[in-house]
Structures are given as C-alpha cells and as structure tokens.
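J.: Residue numbering for the sequence shown follows this note's numbering, beginning at 11 and increasing consecutively.
Backbone N, C-alpha and C fix where the C-beta goes; we use that ideal spot for every residue, glycine too.
Here the structure is a predicted model, which is why all the values come from computation and not from measurement.
Would you mind keeping the following structure in view while I ask a few things?
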Amino acid sequence: MTLLDEIRSDLGRASTDALVPVLRHGQLPAIVEITDVSALAPGFAVAAVRLTDSREFFVPLVRDRHWRRAESGDGASLAALDAPAPIVVERLNPLPVVTTGRERAVDVDMTNDVRVIADSVVAKWQFLRQSGSLIGPRVVSHLWAAGFGDLPEPFATVCWNDDLLVSFARFLPGAEDGWEWMLDDVGRMLAGEAPAPSWPEVVGQLAARMHAAAVRPTRVIDRPVERRSLAPFAHHYRALLDSTLDDELRVAVERWCPRFIDACDTLTAADDVEVIPIHGDLHPGQFLRWRDGIAICDFDGNPTLPAHLRTLRGPTAQDVAGILRGLDHVAIAAAHRTGESAALGPAREWARDARGRALSAYRREPGVPALDESVLGALETLSPLHEAVYATTYLPRWRYVPLAVLDGDW
Numbered sequence: 011m012t013l014l015d016e017i018r019s020d021l022g023r024a025s026t027d028a029l030v031p032v033l034r035h036g037q038l039p040a041i042v043e044i045t046d047v048s049a050l051a052p053g054f055a056v057a058a059v060r061l062t063d064s065r066e067f068f069v070p071l072v073r074d075r076h077w078r079r080a081e082s083g084d085g086a087s088l089a090a091l092d093a094p095a096p097i098v099v100e101r102l103n104p105l106p107v108v109t110t111g112r113e114r115a116v117d118v119d120m121t122n123d124v125r126v127i128a129d130s131v132v133a134k135w136q137f138l139r140q141s142g143s144l145i146g147p148r149v150v151s152h153l154w155a156a157g158f159g160d161l162p163e164p165f166a167t168v169c170w171n172d173d174l175l176v177s178f179a180r181f182l183p184g185a186e187d188g189w190e191w192m193l194d195d196v197g198r199m200l201a202g203e204a205p206a207p208s209w210p211e212v213v214g215q216l217a218a219r220m221h222a223a224a225v226r227p228t229r230v231i232d233r234p235v236e237r238r239s240l241a242p243f244a245h246h247y248r249a250l251l252d253s254t255l256d257d258e259l260r261v262a263v264e265r266w267c268p269r270f271i272d273a274c275d276t277l278t279a280a281d282d283v284e285v286i287p288i289h290g291d292l293h294p295g296q297f298l299r300w301r302d303g304i305a306i307c308d309f310d311g312n313p314t315l316p317a318h319l320r321t322l323r324g325p326t327a328q329d330v331a332g333i334l335r336g337l338d339h340v341a342i343a344a345a346h347r348t349g350e351s352a353a354l355g356p357a358r359e360w361a362r363d364a365r366g367r368a369l370s371a372y373r374r375e376p377g378v379p380a381l382d383e384s385v386l387g388a389l390e391t392l393s394p395l396h397e398a399v400y401a402t403t404y405l406p407r408w409r410y411v412p413l414a415v416l417d418g419d420w
C-alpha cells in the first residue's frame, strides 16, 4: 500500500473541520479527495486536499494509531525542515538552537496556520494552495539581503511542487499586531487617559525604509525596479462594482460610484508607473510592536486580490494607501469599541493628523523611491469599495468600517 493509499484509507471520510485549523471551522465546503501526499519524516506527512469549490489546501499529518491532522503539540513543523524530495528546503539563516519541537498555536492569522516553537521560531504553514505563494518569502529574503532588518528574521522556507508549504522566522517576544496595540493606544487617547500616540511617524518611516531597501539590487532580486501599467488594477476594481452587497452597503457604495469610476480611470491612465518589490497588504495588523520596537510582518500579499495582481512588484502607493486607510480604520474601530457614537468625531480628527504625520515621515526618509500622488489618491478612494466587498465575503463583523468611511466621506 502506498503512502497515498494509506492516508486516504484513514482520512477518506474525514470532515473538513477535522483537517483544518480551528479558525477555519465551519467556513469551508466539503472535501472531494486527498489528491497528493508527501513524507516529511517518520510518522509525519503533508497532504493536498481538494474541496468541492475546486480549491486545495495543505494539511500537516501525524501518525499514531492512524493518520490525523498534526496539531500544534505534535511537532510536525521541525520535521518539515528535514523532509526528503520532492519537498525542497531552502535555509536562509541559521535557526536558533531549540531543545524541543513542541509547538503552540497562535490564533491570530485568519489565512494560515501559525505555530511557535520553543518561543524562538515561528512556523507559518501555508493553508490554501495558491499561485504566487513564493512571492512573499522572496520579497522578505530580498529585503533582508538589502539590509532591512525591521522584520522577523527569515530562517527557512519549505516548498512542495513549487508551492510554499511552511516558512520559518524568528519569534519576536511580546509581539502584538496593530489591531491590538494601535486600537488600545487610540482608545486610551479617546478616553482621556493618554496623549495622542507618536507612532504614526514611526509607521511612515518604517514603510519608507522598507521601500528604500527594496530598490537596492541583491542576489535575490538583481533588477528590483521596473515600470508597468496599472490598468489591470482598474479592471479589478471595476469588477468589484458589480459585487453583491447587502442593501445598506450597496446604497453607500452607489453614492461613491462617480468617485470610484474616476479613480479607475486614473489607474487606467497610469500606463508607465515605477513598480518595486512591495509588501502588498500593508494594514495595521502587519505592524508588530514587540520588546525591541516595531517590525513589519506577513508579506503574503492581499488574499482578496486575484492571482494576476498578487505580483512581486507594485507601486509604492499601494503600500502607502494601505497605511493611510489603515489609520482611518484604526480610528473607526477604536471609536466603535467605546460604544459611543460621539467618539467618532475625535477619532476622525486624530486620523487626519496621524495620516499627515505618517505621510510626512515617509516622504522625509532618505532614499525613498518615487510616490505617484495620483495613484495614491486613486487607491485610497477605492479602498472602501474593497473593504465593503471583503466584509461581505469574508468578515461580516467588519462591515461597520467601510460603512463609516462611505457614509462619513472619510
């Protein structure tokens, strides 16, 4: 019996929830079949599983009495580092010495399966098999080689059939993502318990230093700067205008339609824009505040963009728009958390000031590449359309954020 036959025999009737991370329970359709497997180490394997909607996902497996999903306590991540062919392991920097392979789950990533090994190493298992999954690790390796150190040190990537399977990076002690610490800081300001936070400048500086490093040639990407048309982005956003939304969001989006169309026209006309290796999904959750400062993480790209737009290079305005709109979203979410509608006014005033400080800090940083102001304005305008579709499709509890932007003309 082959390994594939053995695993199919044990898991052929498993429910979807039995094979996916807890945060994914109840979100996915039924399983069609286990399409492929590969050994990682004795007693460990990985499987590719096809769903009824044609998507495929990866699941780490462990065998005790029979094969099952390997949970965080089973030690599958370190096993992947010594996997035989066809698994390919690329080691980037030496891993710290760990005395145990025991892991603990980190339930903060809505896209992938994140585990911490011995409070030293973060192993991020790619969940969905997606085109372009190796772009993020390549950008991280390029930035690290270019001298940008404000990110978790990359240790290794594990690939299977040219798809990212697991990435390993340094664990940052005490790290919280921006949806926690930024909201807490702004919430304390709104409550009169603390002054306005000073970190918007730091966020702008970090993004600028990242972009300044990104344009330096390295052994990873020797020609980082190119020029490209942004018309494909315009096509994407025009298609979003036809998305099915609930009545309240639909009415709010319709009021902005002339602005959205003008912004799409701007992107269509942007036919020769400088593009560089960028983050691609730079929202507050990607800024980790930890023991030694603030770092940028999760270079996985925007999971809601179609595959042909999740590319290695993009305009700097894409990241900058993410920061500026992200500050708006922090303000809205912090005000929402107070439970008082009157908090939205002071929150908006803070957001205006924070945006200005972040953008000024970005522009002041030495070596920062060109920022196309018209593209920046267009992407900022189109942000609430994207957020409305995202909330409807993936995260209904988020819908109050695009509604606040659309209804309040942020």
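Compute the Euclidean distance between the alpha carbons of residue 351 and residue 192, then round it to the nearest angstrom.
T.: 20 Å
J.: From this set, 13, 57 and 295, which residue's C-alpha is nearest residue 185's C-alpha?
T.: 295
J.: Starting from residue 138, follow the alpha helix (DSSP H) in both directions and report where the run begins and ends.
T.: From DSSP, residue 138 is part of no alpha helix (DSSP H); its letter is neither H nor E.
J.: State the DSSP-derived secondary structure class of residue 129, mapped to helix, strand or coil.
T.: coil
J.: Just to confirm the assignment: which complete beta strand (DSSP E) runs, minimum length 3, are found wholly within the segment 71-115?
T.: Fully enclosed beta strand (DSSP E) runs of 3 or longer: 77-79 and 97-101.
J.: Looking only at C-alpha atoms, which of 136, 11 and 335 sits nearest to residue 58?
T.: 136
J.: Tell me the rounded alpha-carbon separation between residue 347 and residue 197.
T.: Spanning the two alpha carbons is a distance of roughly 8 Å.
J.: Check whether the Cβ atoms of residue 317 and residue 140 lie closer than 8 Å to each other.
T.: yes
J.: Keeping to the same chain, check which residues put their C-beta closer than 6 Å to that of residue 276; ignore five residues upstream and five downstream.
T.: 384 and 388
J.: Determine whether the beta carbon atoms of residue 214 and residue 86 lie at a separation below 8 Å.
T.: no
J.: Using the Cα positions of residue 413 and residue 380, report the straight-line distance between them to the nearest angstrom.
T.: 32 Å
J.: List, from N- to C-terminal side, the beta strand (DSSP E) runs of 3 residues or more that fit wholly inside the segment 135-186.
T.: 164-170 and 173-180
J.: Do the segment 295-313 and the segment 141-153 make contact, defined as three or more Cβ pairs closer than 8 Å?
T.: Yes, since at least three Cβ pairs between the segment 295-313 and the segment 141-153 fall closer than 8 Å, the two stretches touch.
J.: With a floor of 3 residues, list each beta strand (DSSP E) that falls wholly inside the segment 192-262, ordered by position along the chain.
T.: 236-238
J.: If contacts are defined as beta-carbon pairs under 8 Å, then residue 289 and residue 230 qualify, I think. What distance do you get, rounded to the angstrom?
T.: Not quite, the Cβ-Cβ distance comes to about 16 Å (not below 8 Å), so this is no contact.
J.: Rounded to a whole number of angstroms, what is the C-alpha to C-alpha distance between residue 47 and residue 65?
T.: 16 Å
J.: Kindly list the residues whose CB is nearer than 6 Å to the CB of residue 338, restricted to its own chain and excluding five residues on each side of it in sequence; keep chain order.
T.: 361 and 420
J.: Quick one: grab the DSSP three-state call for residue 290.
T.: coil
J.: Which one or two residues does DSSP pair with residue 300 in a beta bridge?
T.: 303
J.: By the 10 Å Cβ neighbour count, where 16 or more other Cβ atoms means buried, how is residue 391 classified, buried or exposed?
T.: That one is buried.
J.: According to DSSP, which residues form a beta bridge with residue 284?
T.: 237
J.: Which residues in the same chain have their Cβ closer than 7 Å to the Cβ of residue 99, if we skip the five residues on either side of it in sequence?
T.: 91, 93, 166 and 168
J.: Would you mind stating whether residue 161 and residue 242 have Cβ atoms separated by less than 8 Å?
T.: no
J.: Closest to residue 305 by CA distance: which of 364, 363 and 188 is it?
T.: 188
J.: Verify whether the separation of the beta carbon atoms of residue 324 and residue 292 is less than 8 Å.
T.: no
J.: What are the boundary residues of the beta strand (DSSP E) that residue 48 is part of?
T.: 41-51
J.: Measure the Cβ-Cβ separation of residue 179 and residue 228 and say whether it is below 8 Å.
T.: no
J.: Which stretch, first to last residue, makes up the alpha helix (DSSP H) that contains residue 60?
T.: Looking at the DSSP string, residue 60 is not in any alpha helix (DSSP H); the run it does join, the beta strand (DSSP E), is 54-61.
J.: Residues in its own chain within less than 8 Å of residue 16 by CB, not counting five upstream and five downstream?
T.: 77
J.: Quick test of your reading: residue 216 and residue 356, contact by CB under 8 Å. State the CB separation rounded to the nearest angstrom.
T.: In fact, because the Cβ distance is near 26 Å, the residues do not count as touching under 8 Å.
J.: Can you tell me the Cα-Cα spacing of residue 75 and residue 256, whole angstroms?
T.: Those two C-alpha atoms are separated by around 48 Å.
J.: With a threshold of 16 other CB atoms inside 10 Å of the CB of residue 107, please say whether the residue is buried or exposed.
T.: exposed
J.: What would DSSP say about residue 411, mapped onto helix, strand or coil?
T.: helix
J.: From residue 421 to residue 114, what distance separates their C-alpha atoms?
T.: An answer regarding residue 421 cannot be provided, because it is not within the stretch 11 to 420 covered by the chain.
J.: How big is the Cα-Cα spacing for residue 411 and residue 232?
T.: 40 Å
J.: For residue 336, count the other beta carbons within 10 Å of its own beta carbon; 16 or more makes it buried, fewer makes it exposed. Which is it?
T.: buried
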